[in-house]
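Inspection log for the structure reproduced underneath, given as structure tokens.
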């Protein structure tokens, strides 16, 4: 297996080198084409500059021609103007030659337009000769007719050179533009084709690498103990040095930061629940002695006080002399499993109680209705209509009582459905909604509802379950308010507490009688039967919802009122 994987990796490395060479070649070509493009752009700018110089050259030629006509007609008295215009004509070809470097000359030679530079030199020679003739004329070395002849010859020469210069520069600019355009097209095609082939190469290499990784992963999976379970932590205990090595998952299982742990056996033992320490020591001792395998469950206490259930399985490694030198094992969290087992056990107990009580509570109204129907028949025969009406009213009350009981039973059964539908909860809006729903009973009992929400972050939870829990507890606070008090209230406070949300619901009502406080969350418990004729399922209903959400509820009660404290785990 190993040689095959090595072969695949080496093959992938070679392929990667091939892709690297392709990318390098492609980058070189792109750089070359980009350089040519930049040079071409500079040459276009140079050509544009030459065209502007030629435009000025033509302009000064026209001024020179006007001077020659004026001289011919004896209207030009000051030859300094003529000298200035000739110098202006001489300036453009001189600038043209000075700005043309060796590379520009090379480009123009390659394009066959280097004659433009020769025309510039001819203009300079012609201008120098005219300046010399002006000097001779001023010194009376030549007469008027000879001087005019030279001037006319210069006009024709300058014009001819300008006319020949323009198409050569235009050809240069056009050729360079076409070269840039073709290079851009070639580069674009090359990039597209090169990108396509490189993408194929990279894709093939990726598939090969992926296959290699999968093969290696499968090999590791077959030798990794933690793959037997999900979300396991792996630990390795050196019995000689007492060094205990944990992977990252182990720190999560024990609620610890990695930097906070000195990896020794004592640290692990310290995190154990006090009631589980001695039993764990005995089980480790039995495993090291070879009496039985190390396969156990225990509780750990997190730094924040939370208690978690852990399952642990380990193997003992021995040296050649049979002495244990190492334990290698795995841990995983079974807190949720234990919680569900407890819920199942409680549900089974409640089911037995429920079957007995519902058979009685459901039958009682039906038996009563059956008896009343017989009385109605007798009263109808005797014509006693007032008694018939009274018995019909009694039947209606029994039906309402039965309907209420069935509704409570349905609510209780829905609490057993574990359908985790998380959504973001705004407790201010939720409590306002509950207050509106219970507004009539608040008004009837003259009870104030006061709530305060102080959460730093949004809370993600099962809104319907939380709403039903709060409605039940708040409505109880109203129903069992103390009629002798004038300032009756129900207060709700929602805040953060460590990694949980804390909800406190308090009232100044009648309180829960001490004899009932030990069975407050049991089914069919009525604490003030003279005040409310409910089904006695409400608090059991609250407990079920909180259990399914992983929450906790506690209370304290006296004749001054009752306070419920709810803790909900943060899901965000």
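Residue numbers (the working numbering): 96 to 667.
Note that CB positions come from ideal geometry on N, CA and C, so glycine has one too.
query: So, do the stretch 607 to 618 and the stretch 395 to 408 have three or more beta carbon pairs nearer to each other than 8 Å?
result: Fewer than three Cβ pairs drawn from the stretch 607 to 618 and the stretch 395 to 408 lie within less than 8 Å of each other, which leaves the two stretches out of contact.
- prompt: Relative to the alpha-carbon of residue 537, which residue among 571, 517, 559, 523 has its alpha-carbon at the smallest distance?
  reply: Taking the chain shown and counting its residues from 1, the one referred to as residue 537 is at position 442. For the residues 571, 517, 559, 523, the minimum Cα distance to residue 537 belongs to 571.
- prompt: Taking three-plus beta-carbon pairs below 8 Å as touching, is the stretch 524 to 542 in contact with the stretch 558 to 573?
  reply: A contact between stretches requires three or more CB pairs, one per stretch, nearer than 8 Å, and the stretch 524 to 542 meets this requirement with the stretch 558 to 573.
Residue 369: first and last residue of the uninterrupted alpha helix (DSSP H) it sits in: Counted from its first residue, the chain shown places residue 369 at position 274. Here residue 369 belongs to no alpha helix (DSSP H), and DSSP marks it neither H nor E.
query: Tell me the DSSP bridge mates of residue 426?
result: Position 331 of the chain shown, counted from the first residue, corresponds to residue 426. Per the DSSP secondary-structure output, residue 426 pairs in a beta bridge with 328, 407.
task: Could you pull out every residue in the same chain whose Cβ sits closer than 8 Å to the Cβ of residue 451, ignoring the five residues on either side in sequence?
output: Numbered from 1 along the chain shown, position 356 holds the residue referred to as residue 451. Residue placement at residue 451 is flagged as unreliable, the pLDDT there being 49, under the threshold of 50; a coordinate-derived value is accordingly withheld.
Assigned exposure category for residue 191 - 16 Cβ within 10 Å defines buried: Within the chain shown, residue 191 is the residue found at index 96, counting from 1. By the neighbour-count criterion, in which a residue is buried when 16 or more other Cβ atoms sit within 10 angstroms of its Cβ, residue 191 is buried.
message: Rounded to whole angstroms, what is the Cα-Cα separation between residue 223 and residue 233?
response: Position 128 of the chain shown, counting from 1, holds the residue named residue 223. Position 138 of the chain shown, counting from 1, holds the residue named residue 233. Distance from the CA atom of residue 223 to the CA atom of residue 233, rounded to whole angstroms, is 16 Å.
message: Could you give the first and the last residue of the continuous alpha helix (DSSP H) run that contains residue 216?
response: For the purposes of this step, residue 216 is identified with residue 121 of the chain shown, where counting begins at 1. Per DSSP, residue 216 belongs to the alpha helix (DSSP H) from 210 to 233.
message: Under 8 Å: do the stretch 547 to 561 and the stretch 363 to 372 share three or more Cβ pairs, one atom per stretch?
response: Because the criterion of three Cβ pairs below 8 Å is not met, the stretch 547 to 561 and the stretch 363 to 372 do not touch.
task: Return the bridge partner residues of residue 548 from the DSSP annotation.
output: Working through the chain shown from its first residue, we reach residue 548 at position 453. Per DSSP, 589.
message: Excluding the 5 residues flanking residue 200 on each side, which residues of the same chain have their C-beta closer than 8 Å to its C-beta?
response: As a position in the chain shown, residue 200 is number 105, starting the count at 1. Scanning its chain for C-beta atoms nearer than 8 Å, with the 5 sequence neighbours on each side dropped, one finds around residue 200 the residues 209, 212, in chain order.
task: For residue 331, I'd like the list of residues in its chain whose CB is within less than 6 Å of its CB, leaving aside the five on either flank, ordered along the chain.
output: Here residue 331 refers to the residue found at position 236 when the chain shown is read from its first residue. Listed in chain order, the non-local C-beta contacts of residue 331 below 6 Å within the same chain comprise 340, 423, local neighbours out to five positions each way being set aside.
task: Identify, in the order they occur along the chain, each residue of the same chain with its Cβ nearer than 8 Å to the Cβ of residue 228, setting aside the five sequence neighbours on each side.
output: Against the chain shown, residue 228 aligns to sequence position 133. Short of 8 Å from the beta carbon of residue 228, and not among the five residues preceding or following it, lie these beta carbons of its own chain, in chain order: 237, 242, 245, 246.
query: Taking Cβ positions, are residue 382 and residue 425 nearer each other than 8 Å?
result: Along the chain shown, one-based indexing puts residue 382 at 287. Along the chain shown, one-based indexing puts residue 425 at 330. Taking the C-beta atoms as reference points, residue 425 is found no nearer than 8 Å to residue 382.
field: residue 314 (DSSP reduced to helix, strand or coil)
entry: For the purposes of this step, residue 314 is taken as the residue at position 219 of the chain shown. Residue state for residue 314 is assigned as helix, using DSSP reduced to three classes.
message: Give me the DSSP bridge partner(s) of residue 556.
response: Locating residue 556 in the chain shown gives position 461, where the first residue counts as 1. Within the DSSP bridge table, the entry for residue 556 names 518 as partners.
message: So, for residue 633: in the same chain, excluding its five sequence neighbours on each side, which residues have a beta-carbon less than 6 Å away from its beta-carbon?
response: Position 538 of the chain shown, counting from 1, holds the residue named residue 633. The beta carbon of residue 633 is closer than 6 Å to those of 567 in its chain, skipping five residues each way along the sequence.
message: To the nearest angstrom, how far is the alpha carbon of residue 588 from that of residue 431?
response: For this step, residue 588 is matched to residue 493 along the chain shown. For this step, residue 431 is matched to residue 336 along the chain shown. Cα to Cα, residue 588 sits roughly 28 Å from residue 431.
task: Could you check how far apart the C-beta atoms of residue 660 and residue 583 are, in whole angstroms? I think they sit under 8 Å.
output: Locating residue 660 in the chain shown gives position 565, where the first residue counts as 1. Locating residue 583 in the chain shown gives position 488, where the first residue counts as 1. With a contact defined as Cβ atoms closer than 8 Å, residue 660 and residue 583 miss out at about 21 Å.
Those residues which DSSP pairs with residue 597 across a bridge: Looking up residue 597 in the chain shown gives position 502. Residue pairing by DSSP places residue 597 opposite 590, 662 in a beta bridge.
message: Could you give the first and the last residue of the continuous alpha helix (DSSP H) run that contains residue 641?
response: By 1-based counting over the chain shown, the position of residue 641 is 546. Counting along the chain, the alpha helix (DSSP H) containing residue 641 begins and ends at 633 to 643.
query: Which class does residue 657 belong to by DSSP, given the choice of helix, strand or coil?
result: Along the chain shown, read from residue 1 onward, the residue named residue 657 stands at position 562. Here DSSP, grouped into helix, strand and coil, assigns residue 657 to strand.
field: Exposed unless 16 or more other CB atoms sit within 10 angstroms - verdict on residue 639
entry: One-based indexing of the chain shown puts residue 639 at position 544. Within 10 angstroms of the beta-carbon of residue 639 lie 16 or more other beta-carbons, which makes it buried.
Supposed close pair residue 467, residue 486 - CB separation, criterion 8 Å: Position 372 of the chain shown, counted from the first residue, corresponds to residue 467. Position 391 of the chain shown, counted from the first residue, corresponds to residue 486. That belief holds up - the Cβ atoms of residue 467 and residue 486 are roughly 5 Å apart, short of 8 Å.
- request: Tell me whether residue 221 is buried or exposed, calling it buried when 16 or more other Cβ atoms sit within 10 Å of its Cβ.
  value: As a first step, residue 221 is located in the chain shown; it is residue number 126 there, counting from the start. Per the 10 Å Cβ criterion, buried.
query: Looking only at C-alpha atoms, which of 293, 254, 338, 586 sits nearest to residue 157?
result: As a working mapping, residue 157 is identified with position 62 in the chain shown. Cα-wise, what sits closest to residue 157 is 254.
- prompt: DSSP three-state call for residue 237: helix, strand or coil?
  reply: Here the question's residue 237 lines up with position 142 in the chain shown. Looking at residue 237 - three-state DSSP - the assignment turns out to be coil, as it is neither helix nor strand.
- prompt: Are residue 595 and residue 553 touching if we call contact CB-CB under 8 Å?
  reply: Counting from one through the chain shown, the residue named residue 595 turns up at place 500. Counting from one through the chain shown, the residue named residue 553 turns up at place 458. Not in contact: residue 595 and residue 553 (Cβ atoms no closer than 8 Å).
- request: Measuring alpha carbon to alpha carbon, tell me which of 590, 603, 561 ends up nearest residue 646.
  value: By 1-based counting over the chain shown, the position of residue 646 is 551. The shortest C-alpha separation from residue 646 is found at 561.
task: Going by DSSP, name the residue or residues bridged to residue 395.
output: Position 300 of the chain shown, counting from 1, holds the residue named residue 395. In the DSSP output, where bridge partners are listed per residue, residue 395 has 367, 403.
- request: Could you give the DSSP three-state label for residue 339: helix, strand or coil?
  value: Start at 1 with the first residue of the chain shown, and residue 339 comes out as number 244. In the structure shown, residue 339 falls within a strand segment according to DSSP collapsed to helix, strand and coil.
message: Whole angstroms are fine: how far does the CA of residue 662 sit from the CA of residue 544?
response: One-based indexing of the chain shown puts residue 544 at position 449. One-based indexing of the chain shown puts residue 662 at position 567. Spanning the two alpha carbons is a distance of roughly 21 Å.
message: Please state the DSSP three-state secondary structure of residue 412.
response: The residue labelled residue 412 in the question sits at position 317 within the chain shown. Three-state result, residue 412: strand.
query: Apart from the five residues on each side of it in sequence, which residues of its chain come closer than 6 Å, Cβ to Cβ, to residue 259?
result: Here residue 259 is taken as the residue at index 164 of the chain shown, counted from 1. Cβ neighbours of residue 259 beyond the five flanking positions: 214.
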